[in-house]
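Undergrad:
Protein chains: 2
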Amino acid sequence: MSNYDIVIVGAGPVGLMLSSCLARWGYKIKHIDNRAEPTATGRADGIQPRSLDLLRNMGLKRQIMAHEPAKVYEVAFWDPASKGIERTGTWPSCPKFIDARYPFTTLLHQGLIERVFIEDIEKNGTHIDRPWTITGFKNDGKDPKYPVEVSLAHVDGSQKETVRAKYLFSGEGARSFVREQLKIPMIYRDPIAHVWGVMDGVVRTNFPDIKMKCTIHSDTGSIMVIPRENNMVRLYIQIASSTDKDWNPRKTATAEEVQAHAQQIFKPYHISWDRIEWFSVYPIGQGIAERYTLDERVFMGGDACHTHSPKAGQGMNTAFLDAVNLAWKIHHVEAGLASRALLATYESERREIADSLLAFDAKYAKLFSERLPSAGEVGAASSTSTSSPPAAPENAFITTFKESCEFTSGYGVAYAPNPLNWSPDHHPFQHPLFRSRAGTGTGTTTLLRPGRILPPATVTRVVDANERHLEHEIPLNGAFRLYVMAGDAVHRAPARAALADFAACVAAKGSFLRCFARPGAFADGAGVSSSTDGAGVSSLDAAAAGDAADDASTAYAASPASYHERHTPHSPFFSLAIVLAAARRDIDIARDVPGVLARYRDSVYADDVWDARVPDAGAAAHAKFGVGTEEGAVVVVRPDGYVGCVVGLVEGRGTVEALDGYFGAVVGRRIGGERAGL
Amino acid sequence: MSNYDIVIVGAGPVGLMLSSCLARWGYKIKHIDNRAEPTATGRADGIQPRSLDLLRNMGLKRQIMAHEPAKVYEVAFWDPASKGIERTGTWPSCPKFIDARYPFTTLLHQGLIERVFIEDIEKNGTHIDRPWTITGFKNDGKDPKYPVEVSLAHVDGSQKETVRAKYLFSGEGARSFVREQLKIPMIYRDPIAHVWGVMDGVVRTNFPDIKMKCTIHSDTGSIMVIPRENNMVRLYIQIASSTDKDWNPRKTATAEEVQAHAQQIFKPYHISWDRIEWFSVYPIGQGIAERYTLDERVFMGGDACHTHSPKAGQGMNTAFLDAVNLAWKIHHVEAGLASRALLATYESERREIADSLLAFDAKYAKLFSERLPSAGEVGAASSTSTSSPPAAPENAFITTFKESCEFTSGYGVAYAPNPLNWSPDHHPFQHPLFRSRAGTGTGTTTLLRPGRILPPATVTRVVDANERHLEHEIPLNGAFRLYVMAGDAVHRAPARAALADFAACVAAKGSFLRCFARPGAFADGAGVSSSTDGAGVSSLDAAAAGDAADDASTAYAASPASYHERHTPHSPFFSLAIVLAAARRDIDIARDVPGVLARYRDSVYADDVWDARVPDAGAAAHAKFGVGTEEGAVVVVRPDGYVGCVVGLVEGRGTVEALDGYFGAVVGRRIGGERAGL
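Chains as they are written, first to last, in UniProt numbering: chain A, 1 to 678; chain B, 1 to 678.
1. Would you kindly work out how many angstroms separate the C-alpha atoms of A:Gly-15 and A:Gln-48, rounded to a whole number?
2. Taking 8 Å as the CB-CB limit, is B:Asp-464 close to chain A?
3. Report the CB separation of B:Ile-353 from B:Val-413 in whole angstroms; it is logged as a contact under 8 Å.
4. Among A:Tyr-188, A:Asn-421, A:Ile-284 and A:Ile-32, which residue has its Cα nearest to the Cα of A:Val-155?
5. Short of 7 Å Cβ to Cβ, which residues in the region 73-97 of chain A face chain B?
6. Look at the alpha carbon of A:Val-7 and the alpha carbon of A:Leu-52, and state the distance between them as a whole number of angstroms.
7. Got a sec, what are the start and stop residues for the beta strand (DSSP E) B:His-31 sits in?
8. With a threshold of 7 Å on Cβ separation, who are the neighbours of B:Glu-651 within its own chain once the five nearest residues in sequence on each side are excluded?
9. Please report the straight-line C-alpha distance between B:Val-463 and A:Met-212, rounded to a whole angstrom.
10. Is the shortest distance between the beta-carbon of A:Met-186 and the beta-carbons of chain D less than 8 Å?
11. A:His-563 touches chain B at which residues, Cβ-Cβ below 7 Å?
12. With H, G and I counted as helix, E and B as strand and the rest as coil, what does DSSP make of A:His-570?
13. Could you give the first and the last residue of the continuous alpha helix (DSSP H) run that contains A:His-472?
14. Report the start-end ranges of each beta strand (DSSP E) in the region 59-110 of chain B that is 3 residues or longer and not cut off at the edges.
15. From A:Ile-216 to A:Glu-86, what does the alpha carbon distance come to, in whole angstroms?
16. If you drop the 5 nearest sequence neighbours on each side, which residues of the same chain put their C-beta closer than 6 Å to that of B:Val-195?
17. Give the straight-line distance between the Cα atoms of B:Asp-361 and A:Trp-610, rounded to the nearest whole angstrom.
18. Closer than 7 Å by C-beta to B:Ala-66: which residues in its own chain qualify, once you throw out the five before and the five after it? Chain order, please.
19. Would you say B:Asn-418 reaches chain A, if we count a Cβ-Cβ gap shorter than 8 Å as a contact?
20. In chain B, which residues lie with their C-beta within 7 Å of the C-beta of A:Ala-590?
21. May I ask which residues mark the beginning and end of the beta strand (DSSP E) holding A:Val-298?
22. To the nearest angstrom, report how far apart A:Glu-467 and B:Asp-45 are at their CA atoms.
23. Whether or not the region 114-132 of chain A and the region 252-260 of chain A are in contact is what I'm after, with contact meaning three or more pairs of Cβ atoms, one per stretch, closer than 8 Å; do they touch?
24. By how many angstroms is the C-alpha of B:Leu-321 removed from the C-alpha of B:Tyr-4?
25. Looking at B:Lys-166: is its Cβ nearer than 8 Å to the Cβ of B:Tyr-146?
26. Can you tell me whether DSSP reads B:Ile-133 as helix, strand or coil?
27. Can you name the start and end residues of the beta strand (DSSP E) that A:Gln-238 belongs to?
28. Give the straight-line distance between the Cα atoms of A:Ile-237 and A:Val-225, rounded to the nearest whole angstrom.
29. Start and end of the alpha helix (DSSP H) containing A:Met-1?
30. Using a beta-carbon distance below 8 Å, is A:Pro-615 in contact with chain B?
31. According to DSSP, what are the bridge partners of A:Glu-347?
32. Can you list, in chain order, the residues of its chain whose CB lies under 8 Å from that of B:Arg-35, leaving out five sequence neighbours each side?
33. If you follow the alpha helix (DSSP H) that A:Arg-24 is part of, which residue opens it and which one closes it?
34. Going by DSSP, what residues sit across from A:Phe-169 in a beta bridge?
35. Quick one: which unbroken beta strand (DSSP E) runs of 3-plus residues sit fully inside the region 220-291 of chain A? Chain order, please.
36. Indicate the three-state DSSP secondary structure (helix, strand or coil) for A:Ala-606 in the structure shown.
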């Protein structure tokens, strides 16, 4: 019987993202899908700005863009008018008040997105077996290292295989065998259900906004228009709703009926189809799984956990973020950094997001399906042919839409306080140097909020003068990211001293960096072989560490860094970047970046690029983060891109003490106790 | 015997670019190379900003960037100091005074660049035969349609083939068989010759600028450092010069000798090699071919026509532009637009550029090879550790470098006045509506200069609200590009009337657009079948037109446009874009874009994106082009991206009259005579 780190069932967005993460971090994966091929046509297609950030961070954005997807920058609202429909306004898809690197939605056929992941997964040595299905599983613990037994079968029944794994993941979609077997109920929060028709095709029309995202309300029904790659357009048409008098969840419609219906709605414009690529009618309700896992061995994510209407384009995006959230937590537990308690935060963090999504979706879908009785009621909201935003009152649908931009772009997601997301009230470790928006500690505040994404900032890389996107400079490598915002350490002595003390303390015995170091990482500098420190990694979990010794996954953690290793030279769990509030030409790394920090020389940045959002700032990244140039800060970002905590960068050992405390809470054991005095 | 439109010999940069252009325009190509594989290592590697524009316009930039090339934003100058070398200054590779979309040099192994082209060529149905070589050719005119006979052979002698072609192109490099056969001499402009060593490898060093482009002068020699993809670095080391006392053009050096020499030069820094990917020593002189063609049937380009030192990174870039210049001219002659006289402008335009390049290179190479005697002389030029640019006098090398930035970036290239590049003094057709920088005609000026590249401008596409790069919106499709800068035609009646008159005149019988229209293109609107007009295309060259009828190449020109054809719906030789000086939300295409112009609805742009270069302009693209919002202009851009002429957009028929005159001079016959009155 073969052993795997994880068995992943389903090669839709959630399964592929999980596989892509774990494959690049060296895990042994059994990945199956019950379809013979990736999605051929139709299904999800909207990549939100936040998801595009994530794909960029994974090095996959270019491959997505190679397919020339459609990009939605604005949404047009069309409403009933005296003769058919008229445009009553437009609104940015991702308005300027959201600080997004890519302020648009990317639209591409799901099959092409899947293929980008499949190529990446295969490059990292994992293969997807198709068409295979799961026939049974049990967490029997017979092998403590691989406690889960999973039975798999080829869809045609010709082959069967039983494997053992550390984890089983269901990315099976709404009809999840795993969820059924676990008897986890779906909770239907909104009793209203809908039947939707969706049609992808190439059209001829004189409707002026056919290349825009549009919500069209007419006296004869509603449509959503979504532009697509290759000159295609997707139309969503609501066919039935449980609020209808003659509601029938099995109601269906032919393509011809839907086209005729659409032609009615589009009047006075004409529309005809050159070809239809995909057409489907499906009922959908708003459900959320009561649990995402029972034992923290068998997990679910994506549509297996939450279903909702396709209107706000959230399904695939939520699935991506489910997977990334779980991936790094499994990694940190299996690679020997964190205790198993970390895994509990997957459900607590992601289920809360799904809850918000369903609440949003219910409101949005309800409004969308309302038939507005006449143009008069919304005519006042018109913003066409005026150069200023509409001042007149808007209808509830438009108001909701605008309020929801931050949520739908993906930037509204905020994880609640927990050991990963520091807060002044709830975190198990408190220290005066933690910074928060409310201004605790020494009174210094930050604009960053733990549990939210790190905002974009453009900086100059010192070694090669390249302008770079700071938020993407550390790739999705499974490590925590420490942005050492060093203030003006080039010119100001206190900031210089603070950076030097940080460099000394972070390299001192017992520090978080030292505790989880690669063998030999500190051999030259601090005089103590870090392999001694390394032995301490698993002191709270000796059995797991012993088991792990022969694992491919922990071989990654134990291998020494090469001379050319840029991001994780000291520890596979920490990547550092140093940002100096100075002009690039004034920075001399040998002089200005002390001690072990010099090992991150290729990740030293000059905060000297002008930014229109903070036009008067001398150091735009510091300003956007709310970090001063006199007293800097260390910004800790979780491996999935969310801010973990912000610690003031001051002289003495306090900065590293606070970080030791934060990481101690993350990994589930005390860090820093052994640290020698400065 | 097989017939081809063209036989291309050599699959280096010039041959590949020519093949890539002609293949996408539907020509039948025989392409051979005497190497069994694309370049494996070494050779040219610098893509200048202007070339990257071109690759972007061809849709090939993304494939280049997928290889994660190094990008050079700055150049560092190192000079002799009391102990070894020290940095005496840095300077942007493409300073801000140059308005470049991509202000950096892209460095990538030539083989990877070649593969991007090969993939593109194969996508368009052309294949490169390797290893094949040319053994003979003659323009015997035995077949007037395919006047050139070319003899080809497999390098191993096992196969031979004789083909006939309309054209033969040599992209063979410095040792061109074709050039030798034609007995065209190379003119050596600068008697100084050099022997260079070049070494690509992965190094370990504490030299701080190893990821920058550097010019290093030490008391023991000079080196140029060029960063490369995959952590590599290229070093150019001058081994001998004809100005040396013991000059020997056959002088050579081993890799070990060059490494030892480099280690001396780098002192006080250390450098060692993990591996060497490529090492070569080669003599080079500065030569230019006396002619690029004798009969306008057999052409040469790239290194076959001009050789020079590799220092300024111009070889591949000049080759690219040679090829594009020739490609569209062959296309316009063969597709029936222009007379053969157009082909003469290939040599006149490109040889003048090569002349300038050699003059620049001689000056630059001479300075580079000078051994500066001490640090004292250049110490005053130091700009390190100051936040302002150096005020002290600089040495001649640095001064030349800075002056040459525009040239080396590719933006300094300016074609002289000729029928393609309108000028107030030299163009065969004059009209008061032509605009120039000097302010001829009605006194209205423009900032654009015929013979120079169109500057970058960011605009909003009206149909989908996407922010787009105007200069790349019309792809390299072989057509002239007409940017109708319509001023504020949305709000101002005179501008509106001017646009309407332009739309009417450009669609009227006898206009340049109508003369070269696809069959049926104007059938709906103007009431006269354009197939009648089409018959007039070859009135000056009836025989060629008759021959052309059964050609694949002219099938392209003759085929009717599909409903979804965006760029060339009326004529394969003209792509239009309409730019309105108004906010996107205020533009209604059905109302604001009249007549036949509405057919370019997917190429209508709002000039409403703020630009830091013209911060106070309400319409940045208009402002950058020097076109007013009260009176607009039609900017004609040649198929290779260079401005052809600028014509004021005014009420009446004058605008189209001027364009008819310009295009008449380009194609070699009178246009517009038949036009009916407005």
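Glycine included, each C-beta is placed from N, C-alpha and C at the ideal position.
TA: On the basis of the supplied data:
1. 18 Å
2. yes
3. 6 Å
4. A:Ile-32
5. Tyr-73, Glu-74 and Thr-90
6. 27 Å
7. 29-32
8. Pro-494, Ala-497, Ala-498 and Asp-501
9. 7 Å
10. In the structure shown, chain D does not exist; the protein chains are A and B.
11. Note that residue 563 of chain A corresponds to Tyr in the displayed sequence, not to His. Under the 7 Å cutoff, chain B gives Arg-204.
12. coil
13. 470-473
14. 70-72, 74-81, 84-92 and 105-107
15. 9 Å
16. Ile-239, Ala-240, Lys-251 and Pro-283
17. 35 Å
18. none
19. no
20. Pro-208
21. 298-300
22. 21 Å
23. no
24. 23 Å
25. yes
26. The sequence as given places Thr at residue 133 of chain B; Ile does not occur at that position. If DSSP states are grouped into helix, strand and coil, B:Thr-133 belongs with the strands.
27. 233-241
28. 9 Å
29. Taken as a continuous stretch (DSSP letters only), A:Met-1 belongs to no alpha helix (DSSP H), as it is neither H nor E.
30. no
31. Partner(s): none; A:Glu-347 has no beta bridge.
32. Ala-11, Arg-130 and Pro-131
33. 13-24
34. A:Ile-8 and A:Phe-299
35. 221-227, 233-241 and 271-289
36. strand
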